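**Student:** Below is a structure I'd like to ask you about.
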Amino acid sequence: MSADPTADTTADPTADRIRILLCDDHAVVRAGLLALLGSEPDIEVIGEAGSGEEAVALATRLTPDVVLMDLQLGSGIDGVEATRRIAAGPGTHVLVLTTYDTDADITRAIEAGATGYLLK
């Protein structure tokens, strides 16, 4: 049996990319992260959220590999609660990306299910 000569043998270049959802209440921060991460060949930003509620909804719908989550998100649920809700589901890791660096903030985020904590 021979291979089909018309079959496309090139792999999907997006198949192994890390799919990221950004969550920050400041649009300029999201734009900066999008510009930075968008130039990486192994990363695909699949969505942006400006609130905790929006992040939870998008994470449920888009099933990203990673959510980059700010802790302080203005009104509504904060980043810790959004992290708790997202981490409760299967397959998505939450990395906190914030300016808040107290032990209490770090502990709350990790206890909520964050897999890492990065400072802006």
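Quick note on the numbering used here: the sequence shown kicks off at 8 and runs consecutively. For every residue, glycine included, the Cβ atom is placed at its ideal position computed from N, Cα and C. Nothing here was measured: the structure is a model prediction, and the numbers come from that model.
Quick check on the burial criterion: 16 or more other C-beta atoms within 10 angstroms. Buried or exposed for Glu47?
**Tutor:** Exposed.
**Student:** So which of Glu55, Arg115, Thr105 has the shortest CA-CA distance to Glu88?
**Tutor:** The residue with the shortest Cα to Cα distance from Glu88 is Arg115.
**Student:** If we ignore side chains and look at the alpha-carbon of each, how far apart do Ser58 and Arg24 end up?
**Tutor:** Using only the alpha carbons, I get a separation of about 25 Å.
**Student:** Please work out which residues of its chain come closer than 7 Å, Cβ to Cβ, to Thr70, disregarding the five sequence neighbours upstream and downstream, and give them in chain order.
**Tutor:** Within the same chain, Thr70 has close Cβ partners Gly98, Thr99.
**Student:** Please report the distance separating the alpha-carbon of Gly86 from that of Gln79.
**Tutor:** Cα to Cα, Gly86 sits roughly 6 Å from Gln79.
**Student:** Drop a sphere of 10 angstroms on the beta-carbon of Leu104, count the other beta-carbons inside from all chains shown, and report buried for 16 or more, exposed for fewer.
**Tutor:** Buried: at least 16 other Cβ atoms inside 10 Å.
**Student:** Grouping DSSP H, G and I as helix and E and B as strand, with all else coil, what is Ala56?
**Tutor:** DSSP places Ala56 in strand when its eight states are reduced to three.
**Student:** What three-state label does DSSP hand Glu47 in the structure shown?
**Tutor:** Three-state DSSP puts Glu47 in coil, outside helix and strand.
**Student:** Are the beta-carbon atoms belonging to Val74 and Cys30 less than 8 Å from one another?
**Tutor:** In this structure, Cys30 lies closer than 8 Å to Val74 by Cβ.
**Student:** In three-state terms, what does DSSP make of Arg24?
**Tutor:** Coil, per DSSP.
**Student:** For Ile84 and Glu60, which I take to be in contact (beta-carbon distance under 8 Å), what is that distance rounded to the nearest angstrom?
**Tutor:** With a Cβ gap of about 6 Å, Ile84 and Glu60 count as contacting.
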